[in-house]
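Residue numbers (my numbering): 6 to 164. Only one structure is covered here, and it is reproduced in the block below.
Structural data, given as structure tokens:
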């Protein structure tokens, strides 16, 4: 019964005009992130995105999805290793990463914040490609913490 109630609430929220605005912002933010990643020298599959996700092919940088996912995770940027078209790597390694915008959009991030995230992704992948990403991860982790502090997950007072 609780599943039916949850679906009813979700469908009710999806009927609200604000949900259409939110969904449009999710896509706008994903486009901003993909564009910044591309501008920083990464190969975005299909040249960009029309959805809430972007797929980045790391083969030109000679970085695996597994290594990029780990480095980005250490910098507090969430992504998933993901296969890319004609991927020569095993599914447990992959040649790409998938990044998305819904979680950040829900927190209140806009195009400016997602452009910065796309730039950070480019910086970290470049650092991984160079063989030593520790200092870049450390610096960007601090920047990510400063950004997320401006957009708390919960609006409560804590305690």
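Using N, Cα and C, we set each Cβ at its ideal position, and we do this for glycine too.
Please state if the CB of residue j and the CB of residue i are separated by a distance shorter than 8 Å.
i, j, result
"residue 80", "residue 129", "yes"
"residue 34", "residue 156", "no"
"residue 139", "residue 30", "no"
"residue 116", "residue 152", "no"
"residue 41", "residue 141", "no"
"residue 105", "residue 57", "yes"
Are there 16 or more other CB atoms within 10 angstroms of the CB of residue i, so buried, or fewer, so exposed?
i, result
"residue 164", "With a pLDDT of only 49 at residue 164, under 50, the local geometry of the prediction cannot be trusted, and the value read off the model is given with reservation. So residue 164 counts as exposed."
"residue 9", "exposed"
"residue 86", "buried"
"residue 16", "exposed"
"residue 55", "exposed"
"residue 63", "buried"
"residue 154", "exposed"
"residue 36", "buried"
"residue 83", "exposed"
"residue 14", "exposed"
"residue 20", "exposed"
"residue 73", "buried"
On a CA-only basis, which of the options is nearest residue i? Give me that one, please.
i, options, result
"residue 145", "108, 125, 155", "125"
"residue 67", "152, 46, 24", "46"
"residue 93", "30, 136, 13, 69", "69"
"residue 249", "147, 13, 133", "This structure gives no information on residue 249, because the portion of the chain shown stretches from 6 to 164."
"residue 71", "98, 139, 109", "98"
"residue 100", "91, 106, 51", "91"
"residue 78", "51, 158, 150", "150"
"residue 65", "158, 43, 112, 105", "43"
Run through DSSP, which three-state label would residue i get?
i, result
"residue 48", "strand"
"residue 136", "coil"
"residue 157", "coil"
"residue 26", "helix"
"residue 164", "Low confidence applies here, because residue 164 scores a pLDDT of 49, under 50, leaving its location unreliable and the question unanswered by this model."
"residue 33", "helix"
"residue 150", "helix"
"residue 143", "helix"
> What residue ranges within the stretch 58-121 form continuous alpha helix (DSSP H) runs of no fewer than 4 residues, ordered along the chain?
Replying inline: 70-79, 107-112
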